[in-house]
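Asks: First residue of the sequence shown: 1, per the UniProt record's numbering; consecutive thereafter. No residue lacks a Cβ here, since even glycine has one placed at the ideal position from N, Cα and C. Computed from a predicted model, the values in this text were never measured in an experiment. Below is the structure I would like to discuss, written out as structure tokens.
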Amino acid sequence: MIPVPRAPAADDRVLGGAVPGNTSRYGAALADVVDGARHWPQWYTLGNLDIWLRFRRTGLGPLWTTLSFSLMAIALGVVYARVLGEGMRTYLPYVVTGLFVWNFVAATCQEACEAFVDSRHILKQLYLPRMTVIYRTLWRNIVLLGFNSVTVIAVIMLCRVPVSSSILLALAGFVLLCVNLLWLSLLLSIAATRLRAVSRVVATGMPIALFITPLIWRPNADSPRILTDWNPLYYAIEQVRGPLLGAPPAPWIWAASAGCALIGSVVALLVFGATRHRIPYWL
């Protein structure tokens, strides 16, 4: 009797399972996070390519994003300054810097929902650290944020906002914001890959969050405390907007944002470890 050769077992790395060996799923998830960061030329190049493909043959290229953001922010600032009885010189920078951060957060969260789905052809056929897709999404939006910063700088200069050394804290706030967006994007990507309706929920919820977060209106003694003290979106915006306007946020905002980064990162790592090997099959 001629023995029939067995088909070779599929490479676990190709299918996206745990790293071969005795590494646990959670250890493999942590290794994926580190490995994805080490492969920065991949997501750096792919993120830049995404921007080029999105704006090819549009004339102005990514500057369309700057133009769209400028028109929306200035229009809201001018209109609501009259409605709320605010001085244009102080209110316009407040709105523009707030929307500057908000657009970055909203775009990253919405695009993260489709991150794994849009990369399904790659993830199904070859091994790639899953976090490479998340880094790619975040980097793409950081580049677009850089284009929008032109509007923020122009408004700060035209409105003669005092610039002090506290503006350097905006960089620290931005780094902390990126850490929070990283774990949040990972969770949203996993959830939206398993349940496609999650992306619809996020797209519906972001405009609502825009109006309940102190972006257009200023918090005061009569404002509901739940919209400031218990609103992570307020922490994310204020830790960048405050230093840009020469008013560093209170220490409790930094502490709350850092706490969100720590707890969220742990939760995201646990969820990633439990679901990482299933992502290719959900696609």
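Could you check if T58 is buried or exposed, using at least 16 other CB atoms within 10 Å of its CB as the buried criterion?
Replies: Counting Cβ neighbours within 10 Å, T58 comes out exposed, since fewer than 16 surround it.
Asks: Out of V34, D35 and P62, state which residue places its alpha-carbon closest to the alpha-carbon of G47.
Replies: Ranking V34, D35 and P62 by Cα distance to G47 puts P62 first.
Asks: If you follow the alpha helix (DSSP H) that D32 is in, where does it begin and where does it stop?
Replies: R25 to R38 is the extent of the alpha helix (DSSP H) around D32.
Asks: In this structure, does DSSP put N103 in helix, strand or coil?
Replies: Here N103 sits in helix by DSSP.
Asks: Does DSSP classify V152 as helix, strand or coil?
Replies: Note: V152 maps to helix in three-state DSSP.
Asks: How far does the alpha helix (DSSP H) with N180 in it reach, from first residue to last?
Replies: First-last of the alpha helix (DSSP H) with N180: L169 to R194.
Asks: Just verifying my parser: in three-state terms, what is the DSSP assignment at Y93?
Replies: The amino acid at residue 93 is misidentified as Tyr; the sequence shows Pro. In this structure, P93 counts as helix in the three-state DSSP scheme.
Asks: Would you kindly work out how many angstroms separate the C-alpha atoms of P8 and L126, rounded to a whole number?
Replies: Per-residue confidence for P8 stands at a pLDDT of 39, beneath the threshold of 50, marking its modelled position as unreliable; no derived number is given.
Asks: Inspect the beta-carbon positions of A236 and V101 and report whether they are closer than 9 angstroms.
Replies: A contact, by the Cβ cut-off of 9 angstroms.
Asks: When we look at the beta-carbon of P214 and count the other beta-carbons within 10 Å, is it buried (16 or more) or exposed?
Replies: With 16 or more Cβ atoms within 10 Å of its Cβ, P214 is classed as buried.
Asks: Note down the Cα distance separating L67 from Y94, rounded to an integer number of angstroms.
Replies: Each residue's alpha carbon lies about 19 angstroms from the other.
Asks: Looking at the secondary structure, which residues open and close the alpha helix (DSSP H) in which Q239 lies?
Replies: From DSSP, the alpha helix (DSSP H) with Q239 extends over P232 to L244.
Asks: Considering only the beta carbon of each residue, do F272 and L186 sit closer than 9 angstroms?
Replies: A contact, by the Cβ cut-off of 9 angstroms.
Asks: For a test of the three-state rule: what should DSSP assign to N220, helix, strand or coil?
Replies: Coil, per DSSP.
Asks: In terms of alpha-carbon separation, which member of R160, V155 and I190 lies closest to residue 287?
Replies: Given that the chain is displayed from residue 1 to residue 283, the structure contains no residue 287 and the question cannot be resolved.
Asks: To the nearest angstrom, how far is it from the Cα of K124 to the Cα of L283?
Replies: So the two alpha carbons sit approximately 8 angstroms from each other.
Asks: Is the stretch 264–271 close to the stretch 107–126, with three or more CB pairs under 8 angstroms?
Replies: Flag = no, the stretch 264–271 and the stretch 107–126 do not touch.
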